[in-house]
Amino acid sequence: MAKVGVLICQGCDIGSSLDLGALEKAAGKCEGAMPARSVPFLCDDAGGKAIDETLALGANALVIAACSARFHTRAFAREHCHTERVSLRELVVGSHAPNDEDTQMLAEDMLRMGAARAARVELPEPQPLPVERTVLVVGGGPSGIAAALGAARAGYQVVLVEKQPELGGWLRSWKRTLPSRTPYRDLEPSGLDALLAEIEKHPRIQVHRNAQLVRVSGQPGQFEVELKAGEQQISTRVGAIVQATGWKPYEAAKLSHLGYGCSPDVITNMDFERMLAAGTVKRPSSGLLARRIAFIQCAGSRDANHLAYCSNVCCRVTLKQALWARELDPACETYVLAKEIRTLGLHEDFYRRAQEDAGIFITKGEVAAVEPAGRSLLVRMGTSQLGDNVELEVDLVVLATGMVPVAADGPAIRELRDARKALAKGDGNLEVVKATIARLEPHEGTDILGLDYRQGPDLPSLEYGFPDSHFICFPYETRRTGIYAAGCLRAPGDLESCRIDGEGAALKAIQAIEHSALGEAMHPRWGDISPPTFNLQRCTQCKRCTEECPFGTLDEDEKCTPKPNPGRCRRCGICLGACPERIISYADYSVDMVVRMIKAVEVPDELEEKPRILMLLCENDAYPALELAGFHRLRYSSYVRAISVRCLGAINIVWLSDALARGFDGILLLGCKPGEQTQCHYSRGSDLLATRSENVKQKLKQLALEDERVRVEHVALSDYLTLPALIDGFVKRIEDLGPNPFKES
Amino acid sequence: MSGEAAATTTTKRLTPDRELLAAVLASGGEDLRKCMQCATCSAVCELADARNPGPRKEMLWAQWGLRDRLMGDPDPWLCHQCNDCTLRCPRSARPGDVMAALRRECVIHYSTPRAFGRWVNQPRSLFWLLLVSAVMLAAAAVAWQASGAAAVELALTGPRTVFPFWTWLPHWLLGTVFALLLACDVVVLVMGGRRFWRDLNGAGPSPQPSPRVAGRGGESLGASWRAALRRIVWHEDFGLCAQSHARRTSHLLVIYGTLGLWLTSLWVVTARWNPLLEGLVYPLGFWNPWKLMANLAGLSVVLGATLMLLERGQRPETAGATTYPDIALLGFLLLIALTGFATELLHFLRVEPLRYAAYAVHLVSVFAFLWVLPYSKLAHVVYRTLALVHAERVGRGQR
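Just so you know, the protein sequences line up as chains Z and G, in that order.
Under the working numbering, the final residue of the first sequence carries the number 746; numbering is consecutive throughout.
Under the working numbering, the final residue of the second sequence carries the number 421; numbering is consecutive throughout.
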């Protein structure tokens, strides 16, 4: 146990709002604490000297009771010493009445909690890894090429794997592409040849054509890759992986409502691109020139029955094709029937360019039907800007179909395999197993990466089947550490966004390698050097940790004992929250540490009528939001005691029962939004807590406690303005419920 | 859609007319293609119909070259081109200019013969028009003299106060020829007006539904005419525009000046036979009320047309695009009025032979103008009036 030095800052109204003598006395009574000391300003030279003097007196852990950990982070940190920050400024003085009994109690409790934690924190030792400074790029299309070139130019070795006999992907069949530079008016040649030539002559890029991954195992920095290139078996080691397997067009066969199949003259934009590349636009039915061409936008896109999303490029591709067709045959007319034209960014100028062409007619409209009429086709629009129930007679209909990612759903494949095994063995409820197999059958044989991971051979897919982990904050991240998604696999986009994606993902891959080399975690706990440790003697092989880890960190042996891969770990603590035996802990975060913090709070007895509410706040959004509320001097009840946790999923249920047993009257859990559009920084934490808190409610019922005493609320950083009202509402409800009957009296 | 509704709806075929589109693009509407249908124009237009607002819909129809919809559409004619829309358009598509181009195309569309209408609205027609008019008048004068008809006419009508030049083409002959030409103009305008009226009411081959609202519209034809004329007399619609108030004044000056000149001309033509004018002998003295009116009317035209030209030259952003038909009409009005004044002044001062030259130019310009009148911008007198009457009929009168 550490010897804890406690320093209290008097600046920023702390000294004038609190009884510092009482505070020092309370801190001094803590386990392992040296006599506390308060100084006028901790952030000036004298303050720094005071910290050093405390360390000279033998302290090997510090409690800095001053401002939020977001301020003066480096100034208050010392080597070989844990610094525990207690933000008196934001969480006490900022939000509570000065020189008030309850505020003083809050400050003392916070100091006790900080000291309790500081006493238990162990200093982790960094564990550097020997890493392979090679990036594996899966897929040789535009994004893959950009990733390979990006990594190679940055000085890293690259292994580029392409399934087809040649690199280039769809770009091989695009003769002309959208403008990529100002003034964004003219179609450009694809530029593929120059890229291929650079790849060809680059000494650090090794290309495998006709190749597929067979097996990938290991962890970031040390992936073992087996692949098959033609008949050849190749084994290699790589440090990180960029998956850029691209997209395929949505199946036009499902678009019979837009006339696909009713006539050979109803084609897709992919077919039309081939026609344009060949140089003449003819009707497939008769070989006559097509002089009137209708483009139907969002063919199967933004449609709940097909692709619910917008593929983002189809509008621009249609404008490109219309311009190209007009260039080939100035007598032809093209009609663009769209929900609306979406041309992202500066491609608005390209839209303007297309509008200038007097042979391109554009309108909003919902196509109701496409029917053959003699040698032509009739396109009927139910509603349109040109009026309801209008029709166009055309020679050719081009359906602007959307993009479907070429991704495999790893967990689904794993589930299917498990079900197949269970069926073979005759285990479990065979009806359920058969239903599972029927449901997951489409995933058969879709594997791409061949990950040798407990949670399945590929990246888990999120919304709409894209494997991106968290769209807004962390582009390229997936839920497999060290493996990054780029290009249209990540989100539909044009060539320019594929290029940016490829390079971005390559940089992420490089970061992954370099952080692994230092034994550090990756986003969002950058630089965390403390991997979880497992006290395996007490493991009951319940598989909760291996199943619930959002990043597939843990593999299993035959007996289902977890096999950690620290390099894959993001330090979210979800395993710690899951483990019923509480055998998982980090050097600076453990079940015991939080239990001791909870116990450090002095809960007044029933007669004092001062309820105590435990707040566990996710460190990513909810805790900073609470600090922001204090920073903005927003008031809320001083009956709450806040503890920062790594994620809602990193809350072990024992903390809740301990708190209730200790006499806390209510527990408020604050974290990110769960569900489809989850805001959880670890993807699954908030969802897991939702399941677990059902168990908590059951437990509360068994104890004859109102289940309202534990509440989960979802808070984003921007919610700091409404957070005080939320807290006060909960405190009010708890006061109405009356004191916890388990409270000492 | 219910079965009943489906049975009553008819599917309309869209047939883009690239000729119309090209004509709009070529005559001041060259920014039409920039429109992205945001409807800012409809939102800012003081005159837009709340139920079916323009100019947004006209922009789209014009982009698609939907001739059948545009030609029977009253909205371009209800627009007074204040250019509120043009100034606010986020894409600089200049809806005001497109509406003007549509009006020009409408005049041509309803004119007979249409090819002649299209030709005279191009600048290259001007030279030929003036040349042919001058040659025709000169040839007629030579023929009149050479054939001896002039001598006969003099003998028949007896001695009178005539100026030598008039023996070349006597006043009554000129009046008769010009009146006949004017009658042709009126016939062409009436034919065009009838077809336009039929299209406005959706009865012809170009159905254009005019929404009627319960409690409004459905006025009798007479009441509609009265209401429309009231709107024209004071130019109230001009006053609604936020961008250009000045045009109300200049247009009033030109319209009443032109009216005055027409009346004087009619008097001149009919003087010989008009019993009301007995005793008044041509030429008139300076203080004769007819002469005074003619001079005031001429001044009014010159002033109004000059103001309009200044506005076009100095504030092109609010005046809108200036095209040949705009300049042609103002030019003809100014030319006729100014050569008229020049003739009067030179005649008064007896400046020989310049006064004959000025008169000849005056006659040639009147003659040329009469050829192109129903195809010129002046035809808006018919189409705009009919559109206003229609608007009153269907309950789109001024609020």
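For each residue, glycine too, the CB sits at the ideal point set by N, CA and C.
- Collapsing the DSSP output to three states places glycine 457 of chain Z in coil.
- In its chain, beyond the 5 residues on either side, Tyr261, Gly262 have a beta carbon closer than 8 Å to the beta carbon of alanine 254 of chain Z.
- Rounded to the nearest whole angstrom, the C-alpha separation of threonine 554 of chain Z and leucine 345 of chain Z is 38 Å.
- Each of G:Arg116, G:Gly94, G:Glu80 was checked against the Cα of arginine 220 of chain G, and the nearest Cα belongs to G:Gly94.
- Taking the C-beta atoms as reference points, serine 531 of chain Z is found no nearer than 8 Å to alanine 579 of chain Z.
- In this structure, the alpha-carbon of glycine 247 of chain Z lies about 11 Å from that of aspartate 495 of chain Z.
- Apart from the 5 residues on each side of it in sequence, serine 242 of chain G has no Cβ closer than 6 Å to any other Cβ in its chain.
- Tyrosine 683 of chain Z and leucine 452 of chain Z have their alpha carbons spaced roughly 20 Å apart.
- Every unbroken stretch of the beta strand (DSSP E) spanning 3 or more residues and falling wholly within the region 303–357 of chain Z is given here in chain order: 334–339.
- With contacts defined by Cβ atoms closer than 8 Å, leucine 92 of chain Z and alanine 28 of chain Z do not form a contacting pair.
- Here valine 87 of chain Z carries a strand assignment [DSSP, helix/strand/coil].
- Fewer than three beta-carbon pairs drawn from the region 362–380 of chain Z and the region 268–279 of chain Z are found closer than 8 Å, and the two stretches are therefore not classed as touching.
- Ranked by Cα distance from leucine 211 of chain G, the first of G:Val403, G:Arg415, G:Ala413 is G:Val403.
- With respect to chain G, the C-beta atom of glutamate 736 of chain Z has no partner C-beta closer than 8 Å.
- The continuous alpha helix (DSSP H) containing valine 434 of chain Z extends over residues 431–441.
- Separation of cysteine 13 of chain Z and alanine 23 of chain Z (C-alpha to C-alpha, rounded to the nearest whole angstrom) is 19 Å.
- Taken through DSSP and simplified to helix, strand or coil, alanine 364 of chain G comes out as helix.
- For glutamine 298 of chain Z, the enclosing beta strand (DSSP E) covers residues 293–300.
- The region 181–195 of chain Z and the region 126–136 of chain Z do not touch, with fewer than 3 CB-CB distances between them shorter than 8 Å.
- Taking a C-beta distance under 8 Å as the contact criterion, proline 143 of chain Z and cysteine 499 of chain Z qualify as a contact pair.
- At least one beta carbon of chain Z lies nearer than 8 Å to the beta carbon of leucine 82 of chain G.
- Chain-ordered listing is empty here: chain G has no CB closer than 8 Å to the CB of threonine 335 of chain Z, the nearest sitting near 11 Å.
- Within chain G, the C-beta atoms nearer than 9 Å to that of glutamate 394 of chain Z come from Arg35, Leu36, Thr37, in chain order.
- Looking at the DSSP output, alanine 212 of chain Z bridges to Z:Ala230.
- The C-beta of glycine 244 of chain G has fewer than 16 other C-beta atoms within 10 Å across all chains shown, which makes the residue exposed.
- For glycine 279 of chain G, the closest of G:Cys104, G:Met315, G:Arg252 by C-alpha to C-alpha distance is G:Met315.
- When the five nearest sequence neighbours on each side are left out, the beta carbons in the same chain lying within less than 8 Å of the beta carbon of leucine 204 of chain G are those of Leu392, Leu395, in order along the chain.
- Short of 6 Å from the beta carbon of lysine 674 of chain Z, and not among the five residues preceding or following it, lie these beta carbons of its own chain, in chain order: Gln680, His715.
- Considering only Z:Pro125, Z:Lys283, Z:Leu397, the residue with the shortest C-alpha distance to aspartate 529 of chain Z is Z:Pro125.
- Valine 411 of chain G and tryptophan 256 of chain G have their C-alpha atoms roughly 15 Å apart.
- For glycine 739 of chain Z, the closest alpha carbon among the candidates Z:Lys611, Z:Val87, Z:Arg317, Z:Ala76 is that of Z:Lys611.
- Counting the other CB atoms within 10 Å of its CB gives tyrosine 637 of chain Z a total of 16 or more, which places it among the buried residues.
- In terms of Cα proximity to glutamine 234 of chain Z, the closest of Z:Val243, Z:Pro250, Z:Phe224, Z:His209 is Z:His209.
- With contacts defined as CB atoms closer than 8 Å, alanine 513 of chain Z and alanine 241 of chain Z qualify as a contacting pair.
- Nearest CB-CB separation between glutamate 372 of chain Z and chain G: not below the 8 Å threshold.
- At least one C-beta of chain Z is nearer than 8 Å to the C-beta of alanine 44 of chain G.
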